[in-house]
Amino acid sequence: MKTEFGYKRIWTIAYPILISLVMEQLIGLTDTAFMGRVGEVELGASAIAGVFYMVFFMAGHGFCIGAQILIARRNGEGNLQSIGQIFYQGLFFLMALAAALFVVVQVFADGILSLMISSPHVLEKAEDYLVWRVYGFFFAFAAGMFRAFFVGTTHTKTLTLNSIVMVLSNVVFNYVLVFGKLGFPALGIAGAAIGSSLSELVSLVFFIVYTRQRINYRAYGLNVVSRVNFRELRRILHVSLWVMIQNFLSISTWFIFFVYIEHLGERELAVTNIVRSLSGFLFMIVIAFASACSSIVSNMIGAGQADDVRKAIRRCILLAYAILVPLVVVLAAWPHPFISIYTDIPALRDASVASVWVMCFSYIVLIPSNIFFQSVSGTGKTKAAFLLEIAALVVYMAYITVTIFEMRVDVAWAWSSETVYGTTMLLLCAGYLRSNRWRNHAI
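Per our numbering, the sequence shown starts with residue 72, numbered consecutively.
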C-alpha cells in the first residue's frame, strides 16, 4: 500500500521533533542567560567549553543518526522485530563510546584548550565547566538511542513530552546550582554544567518509563535484550560510521571558528555566543524538518516509493521556509529585545546587532542545504553525504582562516561564513540528488 507524504503528514512528523528541539535549545538559552548574569568571561567560556563538548558528543549523535536511518528502513519494510536488535546493539556501542570519550576529555581537555585559548580567565572557566559536563555523555547517548527509535518509527510526539520535562528540570537545576539556592553553594559555571548533565539523566529516565508504559515495545522486539552481536553492530556502523566522522569534523570546524573569534577578543567571543544561541532556535526548525525528511526518505525507499522522494523533499523545504521566514524577519527587525534575554550589558547588546543581521541572512541557503543534506543521508548513502560535507567544510575552513584568523575582520563579517558554507552545501547536495545515484541502495 502506497503511503502519501503530503504537507499534513510531513508536518505531523516534523512538529513534535521541532518542539522537542526548540525545548532542548532552551537548555542552551538558560545556560547562556544564567552565564550572562554571572559575567562576560563566563558567558564566553561556556560557549567555547560547550562547543568543545559538542565536538565529542556529535560522534555519538552521528551513530544515533545512522541507527535511525536503519530503524526507519526496517519500519518502512514492515520488519519491526529487527528494530529491537538495532536498538540494543546501538545502546551497547554507545555506552562503550561514552566511557572512552569521558576518559579522553578528562585526560586531554586541559592541554588542548590551553593551546587554543589565549585568555587565562576564559581558560580557567572553560575547564571548570568541562570537568562536570562530560558526565552527560552517558545519559545523552542512551537518550539519543531512544530518540533514534521514536523518529525512525515516526512516533515523534513522544519527543515533545520528553523535552518539556528536560527543559524544566534544567531550569530548576541551573537556578539552584548556579546561584546557590535551597541551601546549595553557588557554583557558577560549574553549576550550569552539572545542571545540564542532570537534566539529560532526567530525560533518559523519562524515555525508559514512557517506552515501558505507553509503547507496544514487544512489537518492535524491545522486550528481548540481546547479547552483543558484532554482525549486527557492523551493519549499523556501515551506515553510521560516515555520519559519526562527518559530525565530528563538522562540529570541530565550528569549534575552530570559536577559537578564531576568541583571538579577536573577549567581547567578540561574548557576542558570538549570544548570536550562536539565537541562531540555535532558528536552526532547530531547520533540523526538525531535515530530520523528518531523512526519516521520510528512508521509509519511502523501504516501501518502494523512491520515485516520490524528491517531491517529499521539496515539500519539506517549502514548509520550513513558511515557518522560518517570518521568524527571521521579526528577529532582524527587532533584535534588541531578543539579545536582552542573554545580557543586561548595553554595550554588549549594541555590539551584537550587526552579527544578528548577518546570521539571519544566512538562512536563505541554510534551510534547503540542510534538508538536502539529511535527505542524502536518509537514502543510506552516508559515505556520499560524508564526502559532500568534507568538500563544504574545506571551503568553510579556508574562508574563516583567511577572513578571521588572517584578516581579523569584524565579528559580524565573520558570521558570513555560514552563508558561504550553506551555499556550497546546497549546490553539492542538490546536484547529487538530481544524479539519482542514491536509488536502489540496500542497507
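Idealized CB from N, CA, C, for every residue including glycine.
Check your understanding: Nearest to Pro408 by CA position, among Pro397, Val427 and Val396, is which residue?
Key -> The option with the nearest alpha carbon to Pro408 is Val427.
Point to revise | Span of the alpha helix (DSSP H) around Tyr446 | key: The question names Tyr, but residue 446 in the sequence shown is Ser. It spans Pro417 to Gly449 - the alpha helix (DSSP H) in which Ser446 sits, taken as one unbroken run.
Exercise for review: State whether the segment 141-157 contacts the segment 344-360, with contact taken as three or more CB pairs (one from each stretch) at a distance under 8 Å.
Suggested key: Short answer: they don't touch.
Review point. Could you give the distance in angstroms between the alpha-carbon of Phe212 and the alpha-carbon of Ala374?
Key: Between Phe212 and Ala374, the C-alpha separation is close to 29 Å.
Point to revise | Under 8 Å between C-beta atoms of Met237 and Ser274 | key: Yes, they are a contact pair.
Check your understanding: Which residues in the same chain as Phe163 place their Cβ atom closer than 6 Å to its Cβ, once the five residues preceding and following it in sequence are excluded?
Key -> Within the same chain, Phe163 has close Cβ partners Val299.
Check your understanding: In whole angstroms, what is the alpha-carbon distance linking Ser506 and Phe444?
Key -> Annotation: Ser506 to Phe444 spans about 14 Å, alpha carbon to alpha carbon.
Point to revise | Met72 to Gln376 span [Cα, whole Å] | key: Its pLDDT being 49, under 50, Met72 is placed unreliably in this model, and the coordinates cannot settle the point.
**Study point:** Host alpha helix (DSSP H) of Trp486 (start-end)
**Key:** No alpha helix (DSSP H) contains Trp486, which DSSP labels as neither H nor E.
Practice item. Could you pull the start and end residues of the alpha helix (DSSP H) that Ala261 belongs to? Key: Annotation: the continuous alpha helix (DSSP H) that includes Ala261 extends over Ile260 to Arg285.
Review point. Between Gln177 and Lys196, what straight-line distance do the alpha-carbon atoms span, to the nearest angstrom?
Key: Approximately 15 Å, taken between the alpha carbons.
Exercise for review: In the DSSP assignment, find the alpha helix (DSSP H) that holds Val380 and state where it starts and stops.
Suggested key: Taken as a continuous stretch (DSSP letters only), the alpha helix (DSSP H) holding Val380 covers Val380 to Ala404.
Check your understanding: From what residue to what residue does the alpha helix (DSSP H) around Met478 run?
Key -> For Met478, no alpha helix (DSSP H) run applies, since DSSP gives it neither H nor E.
Practice item. Kindly indicate which three-state DSSP category Ile136 falls into: helix, strand or coil? Key: Looking at Ile136 - three-state DSSP - the assignment turns out to be helix.
**Study point:** Rounded separation between Gly266 and Val424 - CA only
**Key:** The straight-line gap separating the alpha-carbon atoms of Gly266 and Val424 is approximately 30 Å.
Point to revise | Backbone secondary structure at Met72 - three-state DSSP | key: Only weak support exists for where Met72 lies, its pLDDT of 49 falling under 50; the coordinates are left without a value.
Check your understanding: Where does the unbroken alpha helix (DSSP H) through Tyr470 begin, and where does it stop?
Key -> Element bounds for Tyr470: Thr453 to Ile471.
Check your understanding: Any idea what DSSP makes of Arg298, helix, strand or coil?
Key -> Residue state, collapsed to three classes: coil.
Review point. If you run the structure through DSSP and keep just helix, strand and coil, what is Val205?
Key: Correct three-state label for Val205: coil.
Check your understanding: What residue ranges within the segment 170-219 form continuous alpha helix (DSSP H) runs of no fewer than 4 residues, ordered along the chain?
Key -> As far as the segment 170-219 is concerned, its whole alpha helix (DSSP H) runs of at least 4 residues are 191-204.
Practice item. Just tell me which of Val447, Ile394 and Tyr200 has its CA closest to the CA of Met355. Key: Closest option to Met355, Cα to Cα, is Ile394.
Point to revise | Coarse secondary structure for Lys252, derived from DSSP in three states | key: Looking at Lys252 - three-state DSSP - the assignment turns out to be coil, as it is neither helix nor strand.
**Study point:** Extent of the continuous alpha helix (DSSP H) run through Ala361
**Key:** Counted as a single uninterrupted DSSP element, the alpha helix (DSSP H) harbouring Ala361 occupies residues Glu337 to Gly373.
Review point. Is it true that the segment 452-471 meets the segment 378-389, where meeting means three or more beta-carbon pairs spaced less than 8 Å apart?
Key: No, the segment 452-471 is not in contact with the segment 378-389.
Practice item. Work out the CA separation of Thr472 and Val491 for me, nearest whole Å. Key: Answer to the nearest angstrom: the Cα atoms are 13 Å apart.
Exercise for review: For Asn146, collect the residues of the same chain with a Cβ closer than 8 Å to its Cβ; drop the 5 residues on either side in sequence, then sort them by chain order.
Suggested key: Same-chain partners within the cutoff: Ile154, Gly223, Thr224, Thr225, Asn370 and Gly373.
Point to revise | Best match in Ala130, Ile260 and Tyr86 for proximity to Ala116 [C-alpha to C-alpha] | key: Closest option to Ala116, Cα to Cα, is Ile260.
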